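Listed in order, the protein sequences are those of chains H and V. Everything in the first sequence is counted per our numbering, starting at 721 for the first residue and increasing by one. Everything in the second sequence is counted per our numbering, starting at 721 for the first residue and increasing by one. Each residue gets a CB set at the ideal place from its N, CA and C atoms; glycine is no exception. Remember, predicted model here, so these are calculated numbers, not experimental data. Read the structure below first, then the notes.
Number of protein chains: 2
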Amino acid sequence: MVNNGLPLSSIRSNQVKIDGGYWGERQATVRTSTIPAIHHQLEITHRTDAWHLHGGENDPRFDGHIVHKFWDSDLAKWIEAVGYSLDSYPDPDLEQLADKVIQAIKEGQLEDGYLNSFFTVIEPQNKWRNLRDWHELYDAGHLMEGAAAYYQGTGKRVLLDTLARYADHIDARFGPGEQQVHGYCGHPEVELGLVKLYRATGEKRYLNLAKYFVDERGQEPNFFDIEAAARGDDPTKFWAKTYHYCQAHKPLREQNVATGHSVRAAYLYAGAADISAETGDSTLLDACRVIWEDLTSKQMYITGGLGPAHANEGFTFGYDLPNESAYAETCASIALVFWAKSMFDIDPDSRYTDVMERALYNGIMSGVSWEGNQFFYANPLASYPYVNPHEHFSGINTPKHYRRQDWFVCPCCPPNLARVVANLGHYFSSHSADTIYLHLYNHSHMRVSLPAGSVQIDQETNYPWNGDVSLTIGVAQATPFKLALRIPNWASNFTLRVNGVTVSANVQRGYAFIDRTWNNGDTIELALPMSVERIVSHPNVRHNAGTVALQRGPVVYCLEEADNGPNLANLVIPRTAKLVGNVDSSLFSGVGVITGEAVRTEPAVWAGGLYQPQSALQYSYDAVPFKAIPYSLWANREPGEMRVWVREQ
Amino acid sequence: MVNNGLPLSSIRSNQVKIDGGYWGERQATVRTSTIPAIHHQLEITHRTDAWHLHGGENDPRFDGHIVHKFWDSDLAKWIEAVGYSLDSYPDPDLEQLADKVIQAIKEGQLEDGYLNSFFTVIEPQNKWRNLRDWHELYDAGHLMEGAAAYYQGTGKRVLLDTLARYADHIDARFGPGEQQVHGYCGHPEVELGLVKLYRATGEKRYLNLAKYFVDERGQEPNFFDIEAAARGDDPTKFWAKTYHYCQAHKPLREQNVATGHSVRAAYLYAGAADISAETGDSTLLDACRVIWEDLTSKQMYITGGLGPAHANEGFTFGYDLPNESAYAETCASIALVFWAKSMFDIDPDSRYTDVMERALYNGIMSGVSWEGNQFFYANPLASYPYVNPHEHFSGINTPKHYRRQDWFVCPCCPPNLARVVANLGHYFSSHSADTIYLHLYNHSHMRVSLPAGSVQIDQETNYPWNGDVSLTIGVAQATPFKLALRIPNWASNFTLRVNGVTVSANVQRGYAFIDRTWNNGDTIELALPMSVERIVSHPNVRHNAGTVALQRGPVVYCLEEADNGPNLANLVIPRTAKLVGNVDSSLFSGVGVITGEAVRTEPAVWAGGLYQPQSALQYSYDAVPFKAIPYSLWANREPGEMRVWVREQ
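This is the structure we're talking about:
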């Protein structure tokens, strides 16, 4: 316990039935399209039967597929998504499919508990040789998360027991003991997995091991130096050049900025928050708070995207947020959501859940197509035709558009997205013995058990396209508890009515608290005026100077060529322009749009050449209508330009 | 001869004594600072005694210096710069230094004429194994250019004869004969060298070989495929992925856009223009014209910089001209000048010499520090602090500024810049039997021999800071000829007076022709009003939307943090702002500046965080004075931000 009443309790995703609205539709798409599409890819790339590729890399079934060392993790995240999905939506066929995969994994486990298909089948000689680069513990972590979710969703212990055996193997190998390896993984993740395994099994050694990995990370002498020397490599020749890349340049408690590979970073921070929650270690919470502040006040895209740089798939420095070249990996925003939820539960404040909502609606959902079967890895905030100068095969100087793909050589993002959406109910709420926090608004039915009794909360809303939220309380008998409703930071004000009567809310740390004894059928109406906001960036963000982003509610909008023609850089929204937020029922299943009038700044006539004196040009500045759509939905129609940050004047 | 009277004759640099003004000072700096600084680097990196490193790469004298396969070229360009410099400014010490180097080169020549220190001393087994990547013919070309220049400057034939022997060796090896290799170099350059060797020696085989290399390039089956297969490499595994990179994807005569590595491209085009001039092959001229139009109307920075992309050090596609990440290698702008001058001489039009002037004053001179001893390789048009995400050694998140360096692992640019400035007189003028074209304006004294007699033209001007140019004609007796003065495309109008009397000029293809019989002491006054111009980019250049560049005369200006404070992205020049062009005598030796009033668009107060609704912000838009300095001079004072394209409204 970090503090009295903390950490808050999480809810299990099946406690929230999301049977409509935005997330109902998205969750159904993940269930019916994304999970099957990923399974198909796992199958044709032989991730599902990796254990039986006894010929190793030369097995003809590989058929040219590129094997990466951490492909167990892709399968593991799919199992995790399936587990969460089955928890709410039983599906015997899907369960049978997963059981088969799980049986193969179990059979692949070595006598001593070791469990990794790549290092069993392909490179057995390389087991545990390179924790820095080869992701073995990362794989283990994902398998643990998958096992815990599958156990949750089906009650079946096969994978859980298998992973417990593997965790025991790992626990024997790594640790502070003289005979143990004082190491940790280059890619944090196993910390999250071990905490989940601890929660599922009650075995405290797993929690202690997670804490050991965090505590040991970045200590001197650096484990990665020792390990590299032991295998005969020059530690100074590390390809990423610096252990900042894997957040191992110094101990986490001494770190104060988000740095390095952004997925590694956010997994580490999320794991540290979980460990702090379970152990009460406030020094980890303190480090997390400092890094959170740095990240969200200097290094986060408006979409909740993290990591501007392709070079390290990660962070650079404060206010460096280029749009067109943004990396903003889908996985990083997902990791941010994990972290945000964990932070809230030990430090209840909407600063975390506001960011969680931002990432969910924008930087994460942009990672998947409307149909659910194509994916972005990077999520730039502006897109123009481009050429890779080294890929001129099919005609030179023919730029192409950035589009979602069916799959990737390193397909970490698709199953990551599937697991977070399948588990979305988990992010709706947290609770203590006497308080229910409601974080997310969406048509849904939620059950929470408090000591005072079981509570049902039914939500009716067209959020995020409309800010009116109606809640109905279901209780067996009059039940006292505090209901804490998140007042999103995008809302300039709000009104709250209980049973039709306006109440003045007690807002603390971003939540409006209603403390009363609730009767069955009590209603709460939260009205969040959802005006169109022109959002401006911090003056140090040079990439966004002279531009605004349009946001309505939690949704960040963008301009697409499909609606606004090409050369979006020449479209300027006057500060006086009236902006209207609406639902366009003809767009997808009916989504929010923002419309208004802009001007185009191209000269009326361009005489030729690349450069002209402005004195020779004439400008007309005719008003042109424009339409903005949710950023997450870009690139679902015909290919074209896209911009989040639009010029204004 | 391409046409009657064409190609025009070039002048030799020592026919122009540039003893003052902008170029006088710059040439003196190259002579007294750049050439010695480069020699020092050549010496400490053992380029000057490469031939004596008989231990090969293990010779202790290497002392950690990285050897690249084409390091002869660095030395060759220095010799070339020395040759041109000695031509105008004899310097026995410098000549002795060069003679010593040349003697070593001569001694390094193999019995059969082969001449390349890397492939003689370090990797003799790899001679002629990989023309695509290993630059042997490129080295040869630079040595030929060096030999021709040194012969020109000193009359000494040692290097010229050595290179003629090597050229004979190459001529025997490469060509259309059955026993010959039907190959060419991955990096065009030898074509330029062979033409110069031909001009210096009169040996037509060298010209024919140059033409063979151009003609053979890109023919099917592709030589690079054949060559790769012959050495056991998979041709499809070419690291640059496409032969566009080296302009060998198809024959030059079928190419119509500038593509690939920009230095390779422009050397190839310049060589083709030279060959067209010498052979009268109009098909090469036609190809050059088409590519010139593409390059200058779609792919050239306002500075004359070429190649936006670091990935291929070259071109991408039309209108793709990012500023901060611009590659715009100094060498590419130098190659553009070679090409421009060659094009003019076969197709006299200011479209070429206007670009030549643009590159000289901006994209080339930015490549060297004011002091002459530090260099840029890439010449971005905007600069902000940055981190290389893989170089976090000395503290994380500490961005640094882009600065010129003493030297590079691949130091192609510094000696390239030295040779072009040392030979600057060459670019001042071209002539036919009856016409003298004057391209560049600068304090100088030029001698040209026409059939009708010798002509001296003395220039008095403070160009490029002032557009008034006074010319005085020196002739032994009354001499009829046409004087054609370039009317720069930046000049909206001009006035011309001969002996004090205004004349209405006959302007053809950008040159004002004065056709008369000139007497000794005749004066011409050309007045080019040098107003400050706001330059706008083509509407397709998204990177420059909403911005202007300031230009006065041929000089492109920029804003630097040293004058204007940080956050230059927030500085906006109103369209109504009065802009004043002046000379600031306190800046360097007295250079042009542009001053005026701008506004800053930061909100008066920033509440915190990264993103704020604009409705919550207040703006004051106070006028602030700003000062722009010549782009080429940026990064000569304290480190800071820089921008060429400045926001306007």
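Proximal residues to H/Y987 (C-beta, below 7 Å), its chain only, five neighbours per side dropped: P908, E909, L912 and A1055.
H/F1113 classed as buried or exposed, judged by whether at least 16 other C-beta atoms fall within 10 angstroms: With a pLDDT of 42 at H/F1113, under the threshold of 50, the modelled position of that residue is not reliable, and no figure is offered here.
Buried versus exposed, by CB contacts within 10 Å (16 or more), H/T1181: Here H/T1181 is buried, its C-beta having at least 16 other C-beta atoms within 10 Å.
Identified DSSP bridge partners for H/S1174: Answer is H/S1169, bridged to H/S1174.
Uninterrupted beta strand (DSSP E) stretches inside the segment 1113-1170 of chain H (no shorter than 3 residues): Whole beta strand (DSSP E) segments, 3+ residues: 1149-1151, 1155-1158 and 1164-1170.
As assigned by DSSP and simplified to three states, the class of H/P1345: DSSP places H/P1345 in strand when its eight states are reduced to three.
Near-chain V residues of the segment 1234-1260 of chain H - C-beta to any C-beta below 7 Å: Those would be E1253, R1254, I1255, V1256, S1257, H1258, P1259 and N1260, in chain order.
Within chain V, partners of H/E1322 - CB distance below 7 Å: Within 7 Å Cβ-Cβ: P1259.
Where the segment 987-1021 of chain V meets chain H: residues whose CB sits under 8 Å from a CB there: Per Cβ criterion, the list reads T1016, S1017, K1018 and M1020.
Rounded straight-line distance, which links the Cα of H/I1234 to that of H/A892: The alpha-carbon atoms of H/A892 and H/I1234 are separated by roughly 49 Å.
C-beta neighbour in chain H for V/A1269, strict 9 Å: Taking CB atoms only, V/A1269 has a neighbour in chain H less than 9 Å away.
CB contact flag (H/V1385, V/L1337, <9 Å): The requested residue 1385 of chain H does not occur in the structure, where chain H is confined to residues 721 to 1369.
Contacts around H/A824, its chain only, beta-carbon distance under 6 Å, and the 5 residues preceding and following it disregarded: W771, listed in sequence order.
Residues bridged to H/M1362 [DSSP beta-bridge criterion]: Bridge partners of H/M1362: H/S1103 and H/E1280.
Distance, H/T962 Cα to V/G1115 Cα: Note that V/G1115 has pLDDT 41, beneath the 50 cutoff, so the model's placement of it is unreliable and the number below is only indicative. Cα-Cα distance, rounded: 10 Å.
H/E909, enclosing alpha helix (DSSP H) - first and last residue: Taken as a continuous stretch (DSSP letters only), H/E909 belongs to no alpha helix (DSSP H), as it is neither H nor E.
Stretch-stretch touch, CB-based, cutoff 8 Å, three pairs: the segment 994-1009 of chain V with the segment 1066-1074 of chain V: Contact between the segment 994-1009 of chain V and the segment 1066-1074 of chain V is present, because at least three Cβ pairs lie under 8 Å.
Beta carbon proximity, V/R893 to chain H, threshold 9 Å: In terms of beta-carbon proximity, V/R893 stays away from the interface with chain H, with every pair separated by 9 Å or more.
Residue from H/A1204, H/V1344 and H/S982 whose Cα sits closest to the Cα of H/L1015: Taking H/L1015 as reference, the option from H/A1204, H/V1344 and H/S982 with the minimal CA-CA separation is H/S982.
Alpha carbon of H/D935 to alpha carbon of H/G980, nearest angstrom: If you take the alpha carbons of H/D935 and H/G980, they lie about 18 Å apart.
V/Y1341, buried or exposed, once every other Cβ within 10 Å from all chains shown has been counted against 16: Using a 10 angstroms sphere on the CB of V/Y1341, the tally of other CB atoms stays under 16, which defines it as exposed.
Pairwise C-alpha distance: H/R1009 and H/Q735: In this structure, the CA atom of H/Q735 is about 29 Å from the CA atom of H/R1009.
Span of the alpha helix (DSSP H) around H/N928: Counting along the chain, the alpha helix (DSSP H) containing H/N928 begins and ends at K924 to E936.
In DSSP terms, what H/Y1331 is bridged to: The partner list for H/Y1331 (beta bridge, DSSP) reads V/S1257.
Bridge partners - H/Y918, DSSP secondary structure assignment: Note: H/Y918 sits in no beta bridge, so no partner.
Coarse secondary structure for H/P1350, derived from DSSP in three states: If DSSP states are grouped into helix, strand and coil, H/P1350 belongs with the strands.
Cα-Cα separation between H/K737 and H/V1141, rounded to whole angstroms: Straight-line Cα distance between these residues: approximately 13 Å.
Touch test, the segment 1094-1105 of chain V against the segment 1128-1140 of chain V, Cβ-Cβ under 8 Å, three pairs minimum: With three or more CB-CB distances shorter than 8 Å, the segment 1094-1105 of chain V counts as touching the segment 1128-1140 of chain V.
Range covered by the beta strand (DSSP E) that runs through H/A818: Here H/A818 belongs to no beta strand (DSSP E); instead the alpha helix (DSSP H) covers P812 to G828.
Any chain V beta carbon closer than 9 Å to H/G1316: For H/G1316, the answer is no, since every Cβ of chain V falls outside 9 Å of its Cβ.
Local Cβ density within 10 Å of H/N1162, reported as buried at 16 or more and exposed below that: When all chains shown are included, H/N1162 counts as buried.
Cβ-heavy atom distance, H/H902 to the ligand MG, below 8 Å: As presented, the structure is devoid of all ligands, the ligand MG included, so that no description of it is given.
For H/I1244 and H/R1272, believed in contact at Cβ under 8 Å, the rounded distance: Wrong, their Cβ atoms sit about 23 Å apart, outside the cutoff.
Identity of the residues DSSP links to H/T1222 by a beta bridge: According to DSSP, H/T1222 bridges with H/R1217.
CB contact check: H/Y1122 to chain V, cutoff 9 Å: Chain V contact via Cβ: absent.
V/F1113 at chain H interface by Cβ criterion, 9 Å: Because the pLDDT of V/F1113 is 42, which lies under 50, any placement of that residue in the model is unreliable, and the question is left without a value.
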